[in-house]
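Engineer: Right, I'll just put the structure down here and ask away after.
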Amino acid sequence: MSDSTYLLEVKNLCRHFTSGRGKNKLVVKAVDNVSFGVKPAETFGLVGESGCGKTTLGRTIIRLYDPTSGQVFFNGREISGKMTGELRRYLTENIAMIFQDPIESLNPRMTVEEIIGEGLKVRGVKDKAEIRRRVVEMLKKVGLNEEHATRYPHEFSGGQRQRIGIARALIVQPKMIIADEPVSALDVSIQAQVINLLNDLKEEFGLTILFIAHNLSVVKYFSDRIGVMYYGRLVEVARGEDLYAKPLHPYTRALLSAIPEPNPLTARNKKRLDYDPERDHDYSREKPEMVEIEPEHFVYCSPSEAARYREICRSAVKAGD
Amino acid sequence: MAERDKRDVILQVKDLNVSFRTYGGIVRAVRGVTFDLRRGETVAIVGESGSGKSVTIKAIMGILPSNATIESGEILYGGMDLTKLTEEEFHNIRGKRIGLIFQDPLSALNPIMKVGNQIMEALILSQKMSKKAARQRALELMEAVGIPDVERRFNQYPFQFSGGMRQRIVIAIALAGDPEILICDEPTTALDVTVQARILELINKIKEERHLSVIFITHDLGVVATMADRVNVMYAGKIVETGTSEEVFFEPAHPYTWALLSSMPDLETKERLFSIPGTPPNMISPPPGDAFSVRNRYALRIDFEKEPPLFKITDTHYAATWLLHPKAPRVEMPEALKTRIERMRRRAVGNE
Amino acid sequence: MLKYTLRRWGAMMLTMFIIMSLSFWIIRLMPQSIFENPEVAPEIQRLLEAEMHLDKPMWVQYYYFLRGIITERDFGRSVKLRPGMEVFKVIVSRIKPSMVLNFFSLILAIPAGIILGTIAALQRNKWPDNLISFLVVIFISVPSFVFGAVLQYLFTFKFPIFPTLYNASASSFREMFRSLTLPIIALALGPAATIARYLRGELIETLNSEFLLLARTKGLTRTQAVVRHAFRNSLVPIANTMIPMITGIMGGSLVIERIFAVPGMGGQLVESIVVGDHFLTVALLIWYSAISLITIFIVDISYGLIDPRIRIGGEK
Amino acid sequence: MIVDRNNLPEDIRDLPESCFEIVGSEDISDEPFKTEAIGFFKDAIYRLRKNKLSVIAFWLITAVIISAIIVPHLTGYSPTAQNLAYRNLPPKIPGLEKLGIADGTRILTNRPKASLSEFPEGSIIQIVREYKASNVDMVDVKVDYYKFVGVPEGEYHWMGTDYLGRDLCTRLFLGARISLLIAFFAVVANIIIGVVYGACAGYYGGRVDMILTHFAEILDGLPYLVVTILFMLLFGSGMFSIVLALTVTGWIGTARLVRAQFYRFKGREYVLAARTLGVRDRALIFRHILPNAIGPVITRAMISIPGAIFSESFLAYIGLGIKPPNPSIGVLLSDGQRVLLQYPYQTVFPAVLISVLMVSFNLFANGLRDALDPTQRGEI
Amino acid sequence: MGNVRRSVALIVAVIMMATLLAACGGKTTQQEPELKVFRTYLTSDCPILNGHDSVESSLQVPHDYCSSPLYRVYPNEDGKGYHYIGDLAEGMPIQIDEYNWQIKIRKEAKWHNGEPINADTIIYSWKMLLDPILANQMADFLATGSITIVNAREYQRQGTENTVAWEDVGIKKIDDYTIQITTAYPNTAEEVCAQFVDRSTFPVYQPYYEAGMNESRTQTTYGTTLDEWMGCGPYFFKKWEFGNMHVYEKNPDHWLADLFHYDRVEVYIVPDMNARVQMWESGQLDYFVPDANTIDRYINDPRMVSYESLGVDHIDINCKNPTNPISGLIEYRKAVYHAIDRETVAREIYGHMKPTGTYVNGQAGILSPSGLTYRESEYGKAVTEMVNQWGPYGYNPELALDYMKQAFAKAGLSDNDVITLKWICEGSDVEAKATGEFLMEEFERIFEGRIKLEVISTAGMSATQFKRTGDDKWDLSPNQWTRSLSRKFPYMCFYYYLSTYATAPNNYFDEEFDAQYAVCDAPELKNDYDRMLQETKKLEEIYLEKVIHVPTVQRVVYEMFSDRVKLPVDRYIPGLGWGTIYGDIVK
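Protein chains in written order, with the numbering used here: chain A, 7 to 327; chain B, 106 to 457; chain C, 77 to 392; chain D, 21 to 400; chain E, 285 to 871.
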């Protein structure tokens, strides 16, 4: 059963891709036994390198992919079961998605109005004027204006397109947004625009956001809690500050250490940590699992590692004192 | 500029103007870029996509696409003006004197050729090495750029390598001709953070070992801070601010630099981000005056009329903004940026 | 690579089998009887039919048909075009000129197309490109039988440089080849143009690719870069045009053969269909299918050779 | 330009104070667009129009189509009206005839010199060659063939007449009409089948795709010309069966292309986005994937139109053409090829027309391909 | 891998160079310039060299040159007629009694491999030709040609029944070099000779014939390749490049070698008319037959010679088309008969052929003792006269319309009804197709819109086969059947339209017609030529009255010989033609 404190709860979710047959069968465990929960009005950041499965995870939740096993609950209702029309409706009414590539994610053959209004149409809004009104309203919210509604995506710059993408997701007033790398394809000067906009909208609509990105700084800035993924697994989940202050899993530490700091005085002397699962873990005797080291700070580790991590936390607290 | 410095300059770009013919009209991609590269230093060029930084280095390498023309300017290297060289003459420079590392290592490597051969090729064809010697050298290079198990890797194809490894191959190729200048065109943009860190380390290491001069192009200020001795900030085909890393990061003078520095959150950012409104200008008809003026909340009236000159702030620090004019009102950098710089300074001190 | 090859081979054999079956059924369903001889007494007719298993149900015929082909290359005997002759022999007797014609057309078309396409791509939008593009369009658009007839008129009649007809009894290969020059040219023009057109497009794309830039920044000259990098890469998609091209050449040869009196397979196929020589038709159909399948096979394999991603990917 | 703040050049130093007023505002919104809103197809057309060759090709095609519609009515001859007395007349065009081109003359070969006196008065223009054969004086003589057979003054056949004395110009354009119709129907049929087939294979993927693809592959292994011939035999000649025959294997290429396009586009983020919005399969296929995937399909259709005309002419050549008395370009070409030596114009005109059509369709298709290529969007 | 690529590139380069060299290489010098070479052509190659089972007339060419019949026709000294000479036979046949003839085989006769030819060889060949199981298509030529051999036909047609033994057939070996033939009717020596000039009666080489035989002895591969065929004629069959050319070279040891003057004969297979014209025009051929499209070019050429052929083109009428309500009516047939403008069809569409409203061809009877053809006789003329009374060659639009109206009335159709007639012709038959197109307009006009003609080409099968696929598939079909025996017995033209003929090309049969044919065919008339003509006239009248089918065009053969060929005769001789094979090459 699901925990009522979570709006979205993912339990032991797996998504495997298989290719080939028989002896050639190749299984890629894109998402492997991942569990976490997102509280209402919370932003949950998911961070990891390309290919770690974070995008697959997002897409599996919103059922672009069918889960191989495991469950996903939304508002207490399982949304990972058999796909029915009713479930599809439930999903689309509650969860919307923002995509990474501002060029790729808008249909070049449709006007902005058509793109944004499509969600309404699917929901059975037939009145053209009504659609128009709401599209314009949404456009204004994302900083565009009425005149933009009749335009085609190619006329817009990257940032504008991403804002259109956001408008498309929000027009159906979902409870939750899955934002899949919404800023990583944007220019530096535009990223801030979009992040600020998302932040504003989050406030305004009281949105719950699953924020997927590879840039730890952005995730940290934007999210309340962060999950770190490594090769299909969630290795650490913590509140943003905790994660930054007390990274426990060696991969999280490596990730943090690799972020180039925009500070010429420190950047060069920065000590980079390497992560090598073979070297850093010994799981031959003990099986790792998600362990809550501190309140709301989970790490994927074996019992002995857990003990060590607890120790680190304690000493950190002491040092902080 | 000091005399000593001048002697050390090995590459000088002077008032470079490059434009493209396109369907829509003439795109003025680079408009009067001037900078120099000194021996053993790393110069970074920072800017968004479309700011003209890649075009600048393509002009230096002589690999501009056919619809581009160098309108004016000079690129002085070793007593030659590279803009005037014939294709023939350029062969003696490309690869041998100047190496280039690309942004996307996947598309930069020939997908159907063994990586070893791709490295060897340059050695054999342009340096007339024997096949055996070239192979030996290629293996050394691969080792030098940190590729394990070189003998096996030598005979593999690009698609069998990970992104970081591919970039190492590209670096090895760039080093094959033993150049004195290495140009890196966003070499880590397509890579993951951890891999990026390693590649940056590698480039720095190679630079030290081989006494290379590096031109480093990126849009990531974090990378700039890691790599650059001096920084040129480009916007709309112009260098709007230039200075040493410390100067640009701690005493930025141009509003665009301010915006850049403060628009990205770092791990400690909590305050609302400083965002640059609007969109970059259309380079077919760049706005008169300061191209940044329309997006600049500190824009002066003259910004819309007249291009600002590069005001000298210190011997090494220049910025093209009318705000530096004595008559201009004194404008402080945004509060958010101030706190961030303050924090950075503290951190630096703390680290020491 | 071996596994990849074997898999392709297996797929080809399966397709071949299905094609054999298909052609058998199609032909047998045609509204024509196999024998057409009013003078023959009915019981003799039955005797003859029994010998060819034609008196048995279709499925049994089908069995004999397949067994014959697979075990002893027995496609039956021709009944109309070469009465009594084994179909297999008929085909063998016709292979040589057809193969010479088709093979050399291909041999001529591929390098010619490649050269033209390369020149056009390198001289993009300059006059050589325009000239080549113009020729390419002409070659693609005019049917080969018109070319054949015009070439014959020009070079054997107006300016008698070549013999009018194929000279099968020539004393030397050279002499025979000379008599095939015109049909070869007539057949090669279209495919050469097709290749040139594709190659031009591909090369232009490759010339703009980043790895070509890298090649040049390595210090390769433009020519070196093009030859070593652009070329082979452009060949990958070109291989795709080979399949329709080969069937195109074979199709064209069926008309050209007639004009130049080349006793090849093409003419035989049309004749056999027209007079209803079923065994021959089926065999020729199979033969033609085999050629195109083998082409597809070769193209697939050469993909593997050219592109390691396929070759090595196939091993995984 | 580098200036020292402490030592400014005059023109800069002396700028009026008013220049240095801050006018930038906190609230900078996106610039409104200066240009008209351009839809994708409008944009494509715009880019198409930039390509001069394509425009010329387009007008040529249009011209041929219009000619095919109206010329048979303009010539004053019925395409089937015969006049056996005026068979195989050479072309004669008013105006041009004075220049010596298309003047209705013909060289009659192998005539005994003695027979010249029997030629109609004024029909002999020039004796081209005199020689002896079997001890008889022979001549090749250039005659005004219209006078020779007694065509009344003022009657013109622009492209001459055929073996039944039918006006070739009328027939050629009627033939063009029929050929274009055949090509059009064949291509439309191919596109429809190909798109549906390819869309199914590409969109649903997996097992469906595997089965469909294998089936297409097998069909493709059969040489298309042979299959076409077999079908023609099965269904007899005529427009319908030609179209059918051209469709048997013709759709495979389109299907393959559409399948590849679907594979390419179905994973596109905007398709995924539409899926997350709950858009149904049908709308996904027809609103999101197909319009984007259709560019190469249209291009292919354009290229396959001349291909179909080409195949039709091949079928005609081996006697499987359209039913008489209607001509098609292919029928005219194959009729013409038979008498290429005697009446070359009977081949030349259809050959020129088919070439013009093919060239135009090819060039137009090239232009279309470039114009419809989404990567070139906005590159104006 | 690199090496492979390089070597492939090398090979390609070499091949291209070779192509270039070969293409640029000039003409090779003509070898052996003194040889007398006769260059002729066939439009399609002989499918097989076994004369027994192939109806293709192209077989006659290699047989005439490379094989020897019992008798040959040879031009007379004066060049105005011909006589028979023995080839394999020694002298003319010897008459034993009224019905029996003996033929002596030349002692020196031998195969090209040196093996002797004797009576056994000939008898074996004929036995095989008549073999009931082999069911050879040409068997009739031996059984019932100009003479009828006793029981031959019965033996051949018996199938597996074994009712007639070979011993009963009128072919007997007397000694190693003598064969006796028993005929059903009294004959002349010429008639006996005439029987043995056709390719089907040429000897076959037993070892190969047997070796090629299949188990059930239903088929032999004899003659499918040169290796499975043996010649014995004045020329060696040197080369057979199938579909491309034949080369025959003179056999100096042949017993008739003196009669043949060419050193070498080259037969090109040229299916394409344009190629033929080009070869003729550029002097690569010594012999050329223009077609309807090319005839205009040569019609006034003095080298052109012509003669009426045995063939009369006609239109078969389907009388049993269930979808055509008037198909069974005689008025309909008459209407069609009178609606054809034969002059235009023959002259313009067929190209300088002769129109005809009657069926017996112009050569019929030419080999009769009097040399008088039926058409030239008073009887034939009378029929022609009758036809011309209707209109030129029977063409009379008013009459046609009248008949058609009657037919419509009889079938209960109104004047507004339209009947579509299907005109069936082979796609390759250009003239038939053009005639169809021509009649399409004509019928529309003559029948005032009542009749529409639809031209259907039966590509993929012969028109005969097509018609057999169903009576509802066709109405009219142009056709041409020739029976060479009509040269002697004019009435035999009608042979194919008897109800007794198994695969009659049309499906209208008439008892009166059958009966009259039997009258003509009576043995006693064979020796009473005048009566035969008289009865033939009656037969033709019935034919026209009932409109068994519709004659249209009397084919004329146009031929040309190059100046370098000297022919043994100076005019066309029926039964011999131009004696081409005895010609000579002059400078």
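Note that CB positions come from ideal geometry on N, CA and C, so glycine has one too.
#1: Going straight from the alpha carbon of Ile164/C to that of Phe845/E, what length do you get?
#2: List the endpoints of the continuous alpha helix (DSSP H) containing Trp363/C.
#3: Could you give the uninterrupted runs of the alpha helix (DSSP H) lying entirely in the region 229-295 of chain C, keeping only those of 4 residues or more?
#4: Is the CB-CB distance between Tyr546/E and Ile869/E below 8 angstroms?
#5: Taking only three categories from DSSP, how would you classify Tyr552/E?
#6: Who are Tyr236/A's beta bridge partners in DSSP?
#7: Just to confirm before moving on: does the CB-CB distance between Ala247/B and Ala213/B stay below 8 angstroms?
#8: Can you tell me where the alpha helix (DSSP H) holding Glu728/E begins and where it ends?
#9: Taking the CB atoms as reference points, tell me whether Phe217/A and Ala185/A lie closer together than 8 angstroms.
#10: Taking only beta-carbon positions, decide if Tyr365/D is within less than 8 angstroms of chain C.
#11: Rank Gly287/D, Ala203/D, Thr267/D by C-alpha distance to the C-alpha of Ser333/D and give the top, closest one.
#12: Is the shortest distance between the beta-carbon of Gln208/B and the beta-carbons of chain A less than 8 angstroms?
#13: Apart from the five residues just before and just after Asn397/E, which ones in its own chain have a Cβ nearer than 8 angstroms to its Cβ?
#14: Determine the chain B residues that contact Ser38/D at a beta-carbon separation under 8 angstroms, and present them in chain order.
#15: Hey, is His129/C's beta-carbon within less than 8 angstroms of any beta-carbon in chain B?
#16: Keeping to the same chain, check which residues put their C-beta closer than 6 angstroms to that of Arg771/E; ignore five residues upstream and five downstream.
#17: How about Ser212/B: is its C-beta nearer than 8 angstroms to some C-beta of chain C?
#18: Is there at least one Cβ from chain C nearer than 8 angstroms to Glu256/B's Cβ?
#19: Where Ile323/D and Gln261/B are concerned, what is the direct C-alpha to C-alpha distance, given to the nearest angstrom?
#20: Are there 16 or more other CB atoms within 10 angstroms of the CB of Arg377/B, so buried, or fewer, so exposed?
#21: By the criterion of Cβ-Cβ separation under 8 angstroms, what are the contact partners of Phe287/C in chain B?
#22: Report yes if the CB atom of Ala238/B is closer than 8 angstroms to the CB atom of Ala281/B, and no otherwise.
#23: Whole angstroms are fine: how far does the CA of His305/C sit from the CA of Asp205/C?
#24: Name the two residues that bound the continuous beta strand (DSSP E) containing Asn763/E.
#25: Any Cβ of chain A within less than 8 angstroms of the Cβ of His234/D?
#26: Taking Ser380/D as the reference, which of Pro326/D, Gln366/D, Val351/D has the closest Cα?
#27: With 8 angstroms as the limit, tell me which residues of the region 216-227 of chain D have their beta carbon closer than that to any beta carbon of chain A; keep them in chain order.
#28: Would you list, in chain order, the members of the region 314-327 of chain D that have their beta-carbon closer than 9 angstroms to a beta-carbon of chain C?
#29: May I ask you to report which of helix, strand or coil DSSP gives Gln314/E?
Structural biologist: Taking the structure as given:
#1: Note on residue identity: the sequence assigns Phe, not Ile, to residue 164/C. Between the alpha carbons of Phe164/C and Phe845/E lies a distance of about 40 angstroms.
#2: Residue range 354-382 is occupied by the alpha helix (DSSP H) that includes Trp363/C.
#3: Runs of the alpha helix (DSSP H) inside the region 229-295 of chain C: 249-283, 286-293.
#4: For Tyr546/E and Ile869/E, yes; Cβs fall inside 8 angstroms.
#5: Reduced to three states, the DSSP call for Tyr552/E is strand.
#6: In DSSP, Tyr236/A forms a bridge with Arg239/A.
#7: Reading off the sequence shown, one finds Met at residue 247/B, where the question assumed Ala. In this structure, Met247/B keeps its C-beta atom at 8 angstroms or more from the C-beta atom of Ala213/B.
#8: For Glu728/E, the enclosing alpha helix (DSSP H) has its first and last residue at 714-730.
#9: Going by C-beta atoms, Phe217/A is nearer than 8 angstroms to Ala185/A.
#10: Using beta-carbon distances, Tyr365/D does not count as an interface residue toward chain C, since no partner is under 8 angstroms.
#11: Checked all of Gly287/D, Ala203/D, Thr267/D; the closest Cα to Ser333/D is Ala203/D.
#12: Closer than 8 angstroms: no.
#13: Same-chain partners within the cutoff: Met514.
#14: Within chain B, the residues near Ser38/D are Arg406.
#15: The beta-carbon of His129/C is placed no less than 8 angstroms from the nearest beta-carbon of chain B.
#16: Closer than 6 angstroms at Cβ, skipping near neighbours: Gln647, Ile650, Leu651.
#17: Judged by the 8 angstroms Cβ criterion, Ser212/B is in contact with chain C.
#18: Answer no: the Cβ-Cβ gap between Glu256/B and chain C never drops below 8 angstroms.
#19: For Ile323/D and Gln261/B, the distance between alpha carbons rounds to 40 angstroms.
#20: Arg377/B should be labelled exposed.
#21: Going along chain B in sequence order, the residues near Phe287/C (Cβ under 8 angstroms) are Ser212, Ala213, Leu214, Asn215, Pro216.
#22: In this structure, Ala281/B does not lie closer than 8 angstroms to Ala238/B by Cβ.
#23: Straight-line Cα distance between these residues: approximately 21 angstroms.
#24: Looking at the DSSP string, the run of the beta strand (DSSP E) that includes Asn763/E is 760-763.
#25: His234/D does not count as touching chain A.
#26: Selection Pro326/D, Gln366/D, Val351/D evaluated against Ser380/D yields Pro326/D as nearest (Cα-Cα).
#27: Within the region 216-227 of chain D, not one residue has a Cβ closer than 8 angstroms to any Cβ of chain A.
#28: Of all residues in the region 314-327 of chain D, those with a C-beta nearer than 9 angstroms to a C-beta of chain C are Pro326, reading in chain order.
#29: Low local confidence applies: a pLDDT of 48 at Gln314/E is under 50, so the model's placement there is unreliable, and no value is given.
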